[in-house]
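Visitor: Respectively, the protein sequence lines represent chains W and P. Quick note: the first sequence uses the numbering used here, first residue 4, plus one each step. Quick note: the second sequence uses the numbering used here, first residue 4, plus one each step. Mind having a look at this structure? Questions to follow.
There are 2 protein chains.
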Amino acid sequence: MILRNISVDCVIFGFHNEKLHVLLWQAEPELLENFLTTKKELEEIKILFEKNPALGNSQEFWGLIGTHLPTEEDLDGYAKKILQITTGIEDIYLKQVRTFGALDRVPHYRVLTVAYYALINPNYHDLKLSPLAKAVKWFEIDNLPEVIFDAKEVIEHSLKKLRDEVKYHPVGFHLLPKKFTLTQLQTLYEVILDEKLDTRNFRKKILNMGLLVDTNEKQKNVAHRAAKLYSFDVEIYNKLKEEGLNFRI
Amino acid sequence: MILRNISVDCVIFGFHNEKLHVLLWQAEPELLENFLTTKKELEEIKILFEKNPALGNSQEFWGLIGTHLPTEEDLDGYAKKILQITTGIEDIYLKQVRTFGALDRVPHYRVLTVAYYALINPNYHDLKLSPLAKAVKWFEIDNLPEVIFDAKEVIEHSLKKLRDEVKYHPVGFHLLPKKFTLTQLQTLYEVILDEKLDTRNFRKKILNMGLLVDTNEKQKNVAHRAAKLYSFDVEIYNKLKEEGLNFRI
DNA sequence: CCAAAAGTGTTAGTCATACACCCATGC
DNA sequence: GCATGGGTGTATGACTAACACTTTTGG
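Here's what the structure looks like:
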């Protein structure tokens with residue numbers, strides 16, 4: 004059985020072409036089948052779609068990826084499941100943003116949405132493998148299409164949360180490939196925080212924290228001096244944090 | 004109608020006797036009547052209580068103040084309403100913590116709890132006026148009674164959120180009277196953050212930020228040098244923030 | 001005059017900011 | 001050899017941390 008009054012939606016952020024993107028879809032009941040376990044649940048979803056013209060009308064509108072919470076699913080676990088099925092990735096950084104519960108945020112019926120944000124790197128995860136590939140698309144964060152319901156507000160809240168988080172916790176790394184250059188990292192922060200950073204100071208700060216691992220590798224086939232590749236190690240971060248490291252950008 | 008699968012619970016923090024406290028209650032359906040608008044809702048609540056032995060058994064267990072969300076109530080608005088009815092105060096600082104949705108967090112039926120935390124100053128708000136006064140009690144944060152369901156976890160999450168927040172935003176003032184001394188403010192921070200702060204440095208830092216208003220008043224009838232009384236002005240804070248002030252403790 | 005808490009300044013070290021040029025690579 | 005982005009050091013000012021005594025008040 005699904006809980007008609009509760010939906011779980013994921014704001015999936017991706018970083019490519021030096022831009023922050025959000026993954027949206029045009030949902031149809033048949034796609035939601037992927038997230039559900041019983042036929043009964045699918046029937047229930049179909050009824051909701053029929054009752055709500057705005058949902059059926061999704062040729063024009065894009066929406067956040069998610070659906071109603073089944074009774075037998077753990078809340079955090081279900082958000083993770085939605086992401087796994089959508090992206091094919093097992094270990095995704097995922098964080099609850101907040102629950103939206105204004106009266107009339109969705110016409111015709113009452114639903115609270117528990118929003119999560121997730122961070123992935125689109126260059127390194129081929130979404131073509133996803134069963135939802137045809138319905139799903141990346142949009143630049145400052146060039147979003149028309150979205151359904153209050154999805155815009157949810158995305159904005161999530162972005163704000165990401166911005167707050169990225170300054171004090173090393174979460175930005177989840178948007179980069181395993182091995183990355185300091186310039187990529189800097190660009191990422193510039194894009195998320197929407198401000199220019201001083202290269203020399205940025206490098207000093209990051210390297211002084213001592214949580215990047217020098218992979219002893221360099222970029223290849225670039226038409227300029229090849230940059231060193233670093234990786235981020237959560238274990239090292241946890242150790243340093245215990246010793247009193249304060250991560251700050 | 005009430006939404007059986009969604010409850011709204013408030014972790015109400017108060018600061019007195021140099022300790023941080025939480026307001027808990029022993030809920031009974033009759034008390035919940037105060038939060039509800041129709042008789043039908045009360046009947047629905049009563050049925051839930053009957054179905055769930057742990058709820059009826061609340062002579063032994065204390066719980067968070069809150070109840071199921073009625074269909075016609077806005078989520079944030081309902082949290083505010085719960086607080087107003089409980090405390091009689093109109094303007095309470097209130098913040099959504101997160102939504103708890105583990106599978107067996109409440110036995111016998113599935114319910115998600117949207118948790119909020121609130122900050123009030125018990126010395127300056129007489130809860131005896133509340134219709135719930137007899138069921139409600141302050142507990143020291145590190146001397147809590149046995150609590151129902153996962154209330155402990157919810158309280159701990161809320162405290163963590165408060166700690167994170169208090170460092171970077173001037174929310175601590177909501178726990179103090181309108182006019183307070185710098186020593187009170189320092190004690191408050193020491194209690195919330197659970198660490199000693201250097202008095203001289205603390206005063207310098209706070210006063211340099213320039214967001215406290217000198218009321219030109221002093222304590223009266225104290226058996227020692229009377230301290231100056233300050234107040235906090237949100238308007239001033241907002242102005243300073245626009246000018247780039249970074250609030251940090 | 002005593003007890004109790006309020007109030008105050010200086011120094012040393014650390015951290016943030018501002019800023020401009022040479023280096024390595026592919027084509 | 002040139003275009004492109006990678007990589008580096010220093011000086012200045014700002015902030016943080018550590019630390020001990022005098023002042024005011026009521027009883």
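Ideal placement from N, C-alpha and C gives every residue a C-beta, glycine not left out. Here the structure is a predicted model, which is why all the values come from computation and not from measurement.
Taking 7 Å as the limit between beta carbons, can you name the residues of its chain near L200(W), skipping five residues before and five after?
Guide: Here the question's residue 200(W) lines up with position 197 in the first sequence. Here the set comprises Q189, Y192 and E193.
Visitor: Count the other CB atoms, across all protein chains shown, that sit within 10 Å of the CB of I50(W); report buried if there are 16 or more and exposed otherwise.
Guide: Along the first sequence, read from residue 1 onward, the residue named residue 50(W) stands at position 47. Under this definition I50(W) is an exposed residue.
Visitor: Check whether the Cβ atoms of T74(W) and R251(P) sit closer than 7 Å, and answer yes or no.
Guide: Here residue 74(W) refers to the residue found at position 71 of the first sequence. Here residue 251(P) refers to the residue found at position 248 of the second sequence. No; because the gap between Cβ atoms is not below 7 Å, this pair is not in contact.
Visitor: Under 7 Å Cβ-Cβ, which residues of chain W neighbour V169(P)?
Guide: Translated into positions along the second sequence, residue 169(P) becomes position 166. Within chain W, no residue comes near V169(P); the closest Cβ sits about 14 Å away, beyond 7 Å.
Visitor: Tell me which residues share the same chain as L58(P) and place their Cβ nearer than 8 Å to its Cβ, disregarding the 5 neighbours each side in the sequence.
Guide: Reading the second sequence from its first residue, position 55 is the one you call residue 58(P). For L58(P), where only same-chain residues beyond five positions count, the Cβ hits under 8 Å are A30, L51, F52 and I151.
Visitor: Rounded C-beta distance between F1(P) and A121(P)? I'm assuming under 8 Å.
Guide: Residue coverage of chain P in this structure runs from 4 to 252, which leaves residue 1(P) outside it and unanswerable.
Visitor: Using a Cβ-Cβ distance cut-off of 7 Å, determine whether N55(P) contacts chain W.
Guide: For the purposes of this step, residue 55(P) is taken as the residue at position 52 of the second sequence. Using a CB distance cut-off of 7 Å, N55(P) does not count as an interface residue toward chain W.
Visitor: Exposed or buried, which one is L132(P) when buried takes at least 16 other CB atoms within 10 Å?
Guide: Reading the second sequence from its first residue, position 129 is the one you call residue 132(P). With fewer than 16 Cβ atoms within 10 Å of its Cβ, L132(P) is classed as exposed.
Visitor: Using C-beta distances below 7 Å, list every residue in its chain close to K166(W), excluding the 5 sequence neighbours before and after it, in chain order.
Guide: Your numbering for residue 166(W) matches position 163 in the first sequence. Per the sequence shown, residue 166(W) should be read as Arg rather than Lys. Around R166(W): I195 and L196.
Visitor: Going by other Cβ atoms of all chains shown within 10 Å of its Cβ, with 16 needed for buried, is N126(P) buried or exposed?
Guide: For this step, residue 126(P) is matched to residue 123 along the second sequence. Flag for N126(P) reads exposed.
Visitor: Is it buried or exposed, T218(W), if we count other Cβ atoms within 10 angstroms and call 16 or more buried?
Guide: Reading the first sequence from its first residue, position 215 is the one you call residue 218(W). Exposed: under 16 other Cβ atoms inside 10 Å.
Visitor: Is there a Cβ from chain W that is less than 7 Å from the Cβ of A105(P)?
Guide: Mapped onto the second sequence, residue 105(P) falls at position 102. At least one chain W Cβ lies under 7 Å of A105(P).
Visitor: To the nearest angstrom, report how far apart L210(W) and L72(P) are at their CA atoms.
Guide: To locate residue 210(W), count along the first sequence from 1; it is residue 207. To locate residue 72(P), count along the second sequence from 1; it is residue 69. Taking the straight line from one Cα to the other gives about 49 Å.
Visitor: Does the beta-carbon of L106(P) have 16 or more other beta-carbons within 10 angstroms, so that it is buried, or is it exposed?
Guide: Position 103 of the second sequence, counting from 1, holds the residue named residue 106(P). Answer is exposed; the Cβ neighbour count stays below 16.
Visitor: With L165(P) as the anchor, note down where its alpha helix (DSSP H) starts and where it stops.
Guide: The count along the second sequence starts at 1 and reaches residue 165(P) at position 162. L165(P) -> alpha helix (DSSP H) spans A154 to Y171.
Visitor: Would the beta-carbon of A138(W) fall within 7 Å of that of G66(W)?
Guide: As a first step, residue 138(W) must be located in the first sequence, where it is residue number 135. As a first step, residue 66(W) must be located in the first sequence, where it is residue number 63. Going by C-beta atoms, A138(W) is not nearer than 7 Å to G66(W).
Visitor: Could you say if the segment 92 to 103 of chain P and the segment 138 to 148 of chain P meet the contact criterion of at least three C-beta pairs nearer than 8 Å?
Guide: Flag = no, the segment 92 to 103 of chain P and the segment 138 to 148 of chain P do not touch.
Visitor: Any Cβ of chain P within less than 7 Å of the Cβ of V117(W)?
Guide: Taking the first sequence and counting its residues from 1, one reaches residue 117(W) at position 114. With 7 Å as the cut-off, V117(W) counts as an interface residue toward chain P.
Visitor: Closer than 7 Å by C-beta to Y171(P): which residues in its own chain qualify, once you throw out the five before and the five after it? Chain order, please.
Guide: Within the second sequence, the letter at position 168 stands for residue 171(P). The beta carbon of Y171(P) lies closer than 7 Å to those of F250 and R251 in the same chain, with the five residues before and after it left out.
Visitor: Taking the alpha-carbon positions, what's the N37(W) to L86(W) distance?
Guide: Locating residue 37(W) in the first sequence gives position 34, counting from the first residue. Locating residue 86(W) in the first sequence gives position 83, counting from the first residue. So the two alpha carbons sit approximately 11 Å from each other.
Visitor: Do you know how far the Cα of A229(W) is from the Cα of K223(W)?
Guide: If you number the first sequence from 1, residue 223(W) lands on position 220. If you number the first sequence from 1, residue 229(W) lands on position 226. Going by the C-alpha atoms only, they are around 7 Å apart.
Visitor: So the candidates are K163(W), L179(W) and T202(W); which of them puts its Cα closest to the Cα of K22(W)?
Guide: On the first sequence, position 19 is the one that residue 22(W) refers to. Nearest option by C-alpha distance: L179(W).
Visitor: Just the chain P side, please: which residues come within less than 9 Å of D145(W) by C-beta, in chain order?
Guide: In the first sequence, counting from the first residue as 1, residue 145(W) sits at position 142. None at all; the shortest Cβ gap to chain P is about 23 Å.
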